[in-house]
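Asker:
Number of protein chains: 2
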Amino acid sequence: MSAHEPTETHRGRTLDPWYSSYATRTKGLTVSEVRALFAVASRPEVVSLAGGSPFVEALPAELIRQAFDRMMLEHGPEALQYGGGQGIPQLREKILELVAIEGVTGVSPDDIVTTTGSQHALDLVTKLFIDPGDVILCESPSYVGALGTFKSYEAAIDHIEMDDEGLDPRALERAIREHRAAGRTVKFLYTIPNFNNPTGVTMSAERRREILEICVREHVLILEDNPYGLLYFDEPAPDSIRAMDAEHVVYLGSFSKILSPGVRVGFVIAPHAIREKLILAVESSILSPSTFNQWLVTEYLSASDWRAQIDTYRGIYAERCTTMMDALDEHLPQLSWTRPNGGFFTWVQLPDSLDSKQMLPRATSELVAYTPGTGFYADGRGRNEMRLSFCLPTPERIRLGVRRLANVINGELELIETFGGAVAGGPSARRGTEQAPSDLV
Amino acid sequence: MSAHEPTETHRGRTLDPWYSSYATRTKGLTVSEVRALFAVASRPEVVSLAGGSPFVEALPAELIRQAFDRMMLEHGPEALQYGGGQGIPQLREKILELVAIEGVTGVSPDDIVTTTGSQHALDLVTKLFIDPGDVILCESPSYVGALGTFKSYEAAIDHIEMDDEGLDPRALERAIREHRAAGRTVKFLYTIPNFNNPTGVTMSAERRREILEICVREHVLILEDNPYGLLYFDEPAPDSIRAMDAEHVVYLGSFSKILSPGVRVGFVIAPHAIREKLILAVESSILSPSTFNQWLVTEYLSASDWRAQIDTYRGIYAERCTTMMDALDEHLPQLSWTRPNGGFFTWVQLPDSLDSKQMLPRATSELVAYTPGTGFYADGRGRNEMRLSFCLPTPERIRLGVRRLANVINGELELIETFGGAVAGGPSARRGTEQAPSDLV
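Heads up: the protein sequence lines correspond to chains A and B, in order. Read left to right, the first sequence gives residues 1 to 441 (our numbering). Read left to right, the second sequence gives residues 442 to 882 (our numbering).
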C-alpha cells in the first residue's frame, strides 16, 4: 500500500476516506458538544435564552419592500451583477453616517471595506495576520464565533482578565510581556468594548485610553468589534477606540443587529495598507460581497428613518433586559450577574458546585435553554458560568424562562446537597442538520 | 528597539507599520499588474472582451420582483434572520432539480452546502485541505480566481497539459507520480470540465472516465467546478464527473451565470465527512450564507420558468459566440483559437513574437480590452495567449471589438517586423478603487 492511500486504521476509525488529506488547521474545526443540545432547544415550547438572534420582527416589512423597489428601479442590473471587492461606494458613503454616531469621524469611504457580515471580516483579518502559534489576546470570556475562527487558523488564544470596566490594562501589559519573553508573537488584541458578547460589560472611556496606549506602545494591533454599540439603553457607550486612533485599530461594524443578519452585510475600517490586503482577501474568498444586498442596505439607509428604527430596537431590548434583571432578582437572588447598559446579553455566575454544560440537558427537559460558559473560553474555563440572552424572547417568555431556570438551578443544588456531586439529567440530543447557528452569535 | 516593533527598513520601504505582522500566506496576496489596466478598460467607449460578467440585462426584473414578493409574504422574518451554516433546506431541495440536468442524481439535500457564490466554496475546500506546499493539479490554463485562492493558502500549483478533449490523462498520471517521488503531497485535482474558463474547452465523456479512474486509483480528490454547464449552445456537455462517482468528487455549482452573480449564491455537493467539515468552515467564515438571498433564489426557482430563462441565455450567448468566431475568421485568420460549445470564453494563440500583457495598454488606447494569458497560469506561461469573452457585449460591439483587436495585433506585428522587438505603448493606468473584479471571473 502506498503512503498516499488512507491507512486502514484511519478508514476504520473515522469512516472518512479523506481523513489523512485534511490540512493541519482543519483539526481545529470541531462541532462543540454544546451545539448538539440546541437541536432540542429550538423546539417552540422551550424558552431559549441561548441565541444571539436579533428581534427582526420589529422591522416593518414595508421598509424592506421600499428599499427593494428603489433598488430595482434605479440600480436593477447593477445590483444583479458582480461588484468590486471593496464594496459599492454608495454604501461605504452611508456607513460614514453610522460610525460618526460612535465618534468615528474623518473617515473616507475609501477606508472602508464591506464584507459578508462582520464574521467575514473577522475571518479575513485572522487569515491576513495569523501564522500557526501566533497569539491573539481577547477578553475573558469572549465571543464564541471569534474563538472558532481564531482556532481555524491555529492561533494561540489568551484571555485577558476583565472587570466591570472591561479589560484589565495591567493584565494586558503582563500578558504581552510574558508571551514575548516566551518567544511567542502577539498579533492582535480582539475586543468587543460595547455591551460585550457574552458578558454585556462595556469598557470605560478611561480604560479605552489605557488599552490603546499600551497597544500603541507595544505595537499590538487592536481588532475592535462593535456590533452592538448603537443598541444602548439609556446612555450611549463611550466613543469607540477607533475614534481615538486610526493607525492601530481595525474596526468591525455590522448591519446584523440594527437591520438584518439575513442580508449578511458588515464592514471594516482599516489603516490603508491593511485595507488594501483586505480587499484582495475578500476577492480571494468570495470575489465580491453581494451587490444586491449592499444596494438594499444603501437604499434602506437612504429612504428610511433608520435612526428611529434603531430607537425602536433600543426600547424593545431595554425593556427585555429590565424584565430579565427583575426576574433574576426575584427568582435567583443568591446568584450574581452583569447588568448591561445595552446589547443582548447578561453573564451569570453559578455556585462552584454547578456545571452549566452538565446542567443543560436537564434545563432543556424543563423547557428552558441558555448558553453554557465554556464555549466562550479557549482554555476550558467557564464551567460555572452561563450566558443569558434577552434579545429574542418576549418579556413574558423571559419571565417564564428565568422562573424555569431557577427551578433547574435550585433543583440541581438540592440534588448536590443530598447526593454530594453534580448530577446531569435530561434527554440526550444530537445536532440536527437544519440547526441554525444562533448559538454562535 | 524591540524585535516586536517594525524595523525602520520595513517602515521606509513599505510605509506600512504592520508590514512585519502579516502571516506568511499573505505574501501570496498581490494585485496583478494586469488589473491596473482594467480601470482604463472599464470606460464605456472601450469594448471590453475581458470580463466574465453574465448578461444580467436578459433577466426580466419582474421575475426578481415576483420572487421577492413571495419571499416577503411567506418567509419575511425568516429571510431577515440568521440561518443554518449548511444553507436553507428549501433551496437545497430545489438544487436537486438543477444538478439532475447534468446527470447528478441520487443526491439528498443533506449532501449539499450552500455558499456565498462558488468562489466561497473554492476558498473553503482549499482551507480544509491545503497545508503550505501541498500540490493542487489543475488545467493548463485554469481559472484565475481559483489560482489566487490556492496561492492564498500557499499551495503549489501544477498545470496539467490539455488538448481539445480536455485534460491529458497520461500527463495527469505522470504528474502525480513525479510529485510523490519528490516527496510532495498531491491534495486534489481542480477542473472545470464544461466550457472551461479560460479556454472554452469541454472535457470529453471518455476523458472524464479516464481522469476519474486515475484519481480513484491514486486517491486524489477531484474538485469539479461547473458554473457554465447549463449554458451549452447546441448539444449538452457530457454528464458531470460527479454523476459517475459520489465519493471522490467535490462538486461546485453556482447561480451566478444562470441567474445573478449579485446575489452570491453557490453550492457544493460533497462526500459526507467533507460536507460536515464544510459546514463548520462556512460557520467559521460567515456564520451562515445570506438567508435573504437563499430564499430569493428558492422562490425564483419555485415560481419562474427558470429552464426557459436558461434557454434565453443559451440563445444569447450562442449568437455572441458565433459573432466572435465569424469576426475572428474575418479579421484575424492567421491566428488560432478555440471554438467553444458553450460558456463565455474563447482562448487565442498569438504569434510567439507578441506579448499579450505588453500589448494591453496599446489595445486599451485603441478602445478594446482582453485578458492577457499569464493570469491563468501560476508558472509564468501564457505570454502569447489571451482570453476573449463574448458574454457581455452585444454582437455589434463584439464585431467592433475584434476589428479593433485585429488592428492592434497587426499593427504590433508590423512594428516588430520593422524594429525587431515587441514595443509596448498606450496610456499608463493605475487600479481604480471602484474597480469591479470582473477580470477575476
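Each residue gets a CB set at the ideal place from its N, CA and C atoms; glycine is no exception. Only a predicted model underlies this, so the values are computations on that prediction, with no experimental measurement involved.
Within 10 Å of its beta-carbon, does residue 690/B have 16 or more other beta-carbons around it, so buried, or fewer, so exposed?
Answerer: On the second sequence, position 249 is the one that residue 690/B refers to. Buried, by the Cβ-count rule.
Asker: Once the 5 residues before and after residue 825/B are set aside, which same chain residues still bring their CB inside 6 angstroms of it?
Answerer: Residue numbering aside, residue 825/B sits at position 384 when the second sequence is read from its first letter. So the list reads 791, 793 and 795, once near-sequence residues are dropped.
Asker: Please tell me whether residue 449/B has its Cβ less than 8 angstroms away from any Cβ of chain A.
Answerer: By 1-based counting over the second sequence, the position of residue 449/B is 8. Caution is warranted here: a pLDDT of 43 is assigned to residue 449/B, below 50, making its placement in the model unreliable, and the coordinate value is therefore given only provisionally. Cβ-Cβ to chain A under 8 angstroms: no for residue 449/B.
Asker: Residues of chain B with a CB under 7 angstroms from the CB of residue 65/A: which are they?
Answerer: Along the first sequence, read from residue 1 onward, the residue named residue 65/A stands at position 65. Neighbours of residue 65/A on chain B, chain order: 513.
Asker: On the CB-based measure, 16 or more other CB atoms within 10 Å of its CB, does residue 468/B come out buried or exposed?
Answerer: To locate residue 468/B, count along the second sequence from 1; it is residue 27. Exposed is the call here.
Asker: Can you tell me whether DSSP reads residue 736/B as helix, strand or coil?
Answerer: In the second sequence, counting from the first residue as 1, residue 736/B sits at position 295. In this structure, residue 736/B counts as helix in the three-state DSSP scheme.
Asker: Please tell me whether residue 763/B has its Cβ less than 8 angstroms away from any Cβ of chain A.
Answerer: Within the second sequence, numbered from 1, the residue matching residue 763/B stands at position 322. Not one chain A Cβ lies under 8 angstroms of residue 763/B.
Asker: Within 8 angstroms (strictly less), CB to CB, does residue 68/A reach chain B?
Answerer: Residue 68/A sits at position 68 when you count from the first residue of the first sequence. Chain B contact via Cβ: present.
Asker: Using a C-beta cutoff of 8 angstroms, does residue 291/A count as contacting chain B?
Answerer: If you number the first sequence from 1, residue 291/A lands on position 291. Yes, contact with chain B.
Asker: Check residue 187/A in the structure and name its three-state DSSP category.
Answerer: The count along the first sequence starts at 1 and reaches residue 187/A at position 187. If DSSP states are grouped into helix, strand and coil, residue 187/A belongs with the strands.
Asker: For residue 17/A, go through chain B and note every residue whose CB falls closer than 9 angstroms to its CB, in chain order.
Answerer: The residue labelled residue 17/A in the question sits at position 17 within the first sequence. Under the 9 angstroms cutoff, chain B gives 660, 688, 689, 712 and 714.
Asker: Hey, how far is the Cα of residue 643/B from the Cα of residue 664/B?
Answerer: The sequence position of residue 643/B within the second sequence is 202, counting from 1. The sequence position of residue 664/B within the second sequence is 223, counting from 1. Spanning the two alpha carbons is a distance of roughly 16 angstroms.
Asker: So, are the CB atoms of residue 619/B and residue 612/B less than 8 angstroms apart?
Answerer: Walking along the second sequence from the start, residue 619/B turns up at place 178. Walking along the second sequence from the start, residue 612/B turns up at place 171. The answer is no: Cβ separation not under 8 angstroms.
Asker: Would residue 226/A be called buried (16 or more neighbouring beta carbons within 10 Å of its own) or exposed?
Answerer: Within the first sequence, numbered from 1, the residue matching residue 226/A stands at position 226. Its Cβ being crowded by 16 or more others within 10 Å, residue 226/A is buried.
Asker: From what residue to what residue does the beta strand (DSSP E) around residue 555/B run?
Answerer: Position 114 of the second sequence holds residue 555/B. Counting along the chain, the beta strand (DSSP E) containing residue 555/B begins and ends at 553-556.
Asker: Taking the beta strand (DSSP E) that residue 389/A falls in, what are its first and last residues?
Answerer: As a position in the first sequence, residue 389/A is number 389, starting the count at 1. Residues 385-389.
Asker: Going by Cα to Cα distance, which pick from 499/B, 678/B and 656/B is closest to residue 614/B?
Answerer: The residue labelled residue 614/B in the question sits at position 173 within the second sequence. Selected option, being the one with the closest Cα: 656/B.
Asker: Can you give me the C-alpha to C-alpha distance between residue 875/B and residue 566/B, rounded to a whole angstrom?
Answerer: Numbered from its first residue, the second sequence carries residue 875/B at position 434. Numbered from its first residue, the second sequence carries residue 566/B at position 125. The predicted model places residue 875/B with a pLDDT of 38, which falls under 50 and marks its position as unreliable, so this point remains unresolved.
Asker: Can you tell me whether residue 283/A is buried or exposed, with buried defined as 16 or more other CB within 10 angstroms of its CB?
Answerer: Taking the first sequence and counting its residues from 1, the one referred to as residue 283/A is at position 283. Counting Cβ neighbours within 10 Å, residue 283/A comes out buried, since at least 16 surround it.
Asker: Excluding five sequence neighbours on each side, which residues of the same chain lie with their C-beta closer than 8 angstroms to the C-beta of residue 523/B?
Answerer: As a first step, residue 523/B must be located in the second sequence, where it is residue number 82. Cβ within range, chain order: 728, 729 and 732.
Asker: Hey, which unbroken runs of the beta strand (DSSP E) at 3 residues or more fall wholly within the region 561-597 of chain B?
Answerer: DSSP runs (the beta strand (DSSP E)) wholly in the region 561-597 of chain B: 576-579.
Asker: Ignoring anything shorter than 3 residues or poking outside the region 206-269 of chain A, list the beta strand (DSSP E) runs there in chain order.
Answerer: As far as the region 206-269 of chain A is concerned, its whole beta strand (DSSP E) runs of at least 3 residues are 221-225, 249-254 and 266-269.
Asker: Can you give me the start and stop residues for the beta strand (DSSP E) that residue 787/B sits inside?
Answerer: Locating residue 787/B in the second sequence gives position 346, counting from the first residue. 786-790 is the extent of the beta strand (DSSP E) around residue 787/B.
Asker: Name the two residues that bound the continuous alpha helix (DSSP H) containing residue 840/B.
Answerer: Counting from one through the second sequence, the residue named residue 840/B turns up at place 399. From DSSP, the alpha helix (DSSP H) with residue 840/B extends over 836-860.
Asker: Which of the three DSSP states, helix, strand or coil, is assigned to residue 104/A?
Answerer: In the first sequence, the residue the question calls residue 104/A occupies position 104. Reduced to three states, the DSSP call for residue 104/A is coil.
Asker: With distances taken between CB atoms, is the gap from residue 735/B to residue 532/B smaller than 8 angstroms?
Answerer: If you number the second sequence from 1, residue 735/B lands on position 294. If you number the second sequence from 1, residue 532/B lands on position 91. Against a cut-off of 8 angstroms, the Cβ pair of residue 532/B and residue 735/B comes out as a contact.
Asker: Buried or exposed: where does residue 311/A fall if 16 or more other Cβ atoms within 10 Å of its Cβ makes it buried?
Answerer: Against the first sequence, residue 311/A aligns to sequence position 311. That one is exposed.
Asker: Please compile the residues from chain B whose C-beta is within a distance smaller than 7 angstroms of the C-beta of residue 317/A.
Answerer: In the first sequence, counting from the first residue as 1, residue 317/A sits at position 317. Neighbours of residue 317/A on chain B: none; closest Cβ ~16 angstroms, over 7 angstroms.
Asker: For residue 810/B, does the three-state DSSP call read helix, strand or coil?
Answerer: Counting from one through the second sequence, the residue named residue 810/B turns up at place 369. If DSSP states are grouped into helix, strand and coil, residue 810/B belongs with the strands.
Asker: Would you check if the region 268-280 of chain A and the region 402-419 of chain A touch, i.e. whether three or more CB-CB distances between them fall below 8 angstroms?
Answerer: The answer is no - the region 268-280 of chain A does not touch the region 402-419 of chain A, with fewer than three Cβ pairs under 8 angstroms.
Asker: Using a Cβ-Cβ distance cut-off of 8 angstroms, determine whether residue 830/B contacts chain A.
Answerer: Here residue 830/B corresponds to residue number 389 of the second sequence, with the count starting at 1. It does not; no Cβ of chain A falls within 8 angstroms.
Asker: Mind checking the region 553-569 of chain B against chain A and listing, in chain order, the residues whose C-beta falls within less than 8 angstroms of any C-beta there?
Answerer: Going along the region 553-569 of chain B in chain order, one finds 557, 558, 560, 561, 564, 568 and 569 with a Cβ nearer than 8 angstroms to chain A.
Asker: Taking Cβ-Cβ distances shorter than 7 angstroms, what residues in chain A pair up with residue 462/B?
Answerer: Looking up residue 462/B in the second sequence gives position 21. The contacting residues are 129, 187 and 221.
Asker: Less than 8 angstroms between the C-beta atoms of residue 376/A and residue 169/A, yes or no?
Answerer: Taking the first sequence and counting its residues from 1, the one referred to as residue 376/A is at position 376. Taking the first sequence and counting its residues from 1, the one referred to as residue 169/A is at position 169. The answer is no: Cβ separation not under 8 angstroms.
Asker: Classify residue 208/A: buried if its beta carbon has 16 or more other beta carbons within 10 angstroms, exposed otherwise.
Answerer: Sequence index remark: in the first sequence, residue 208/A carries index 208 (1-based). It is buried - the Cβ of residue 208/A has at least 16 other Cβ atoms within 10 Å.
Asker: Less than 8 angstroms between CB atoms is the rule here; does residue 357/A satisfy it with respect to chain B?
Answerer: Here the question's residue 357/A lines up with position 357 in the first sequence. It does not; no Cβ of chain B falls within 8 angstroms.
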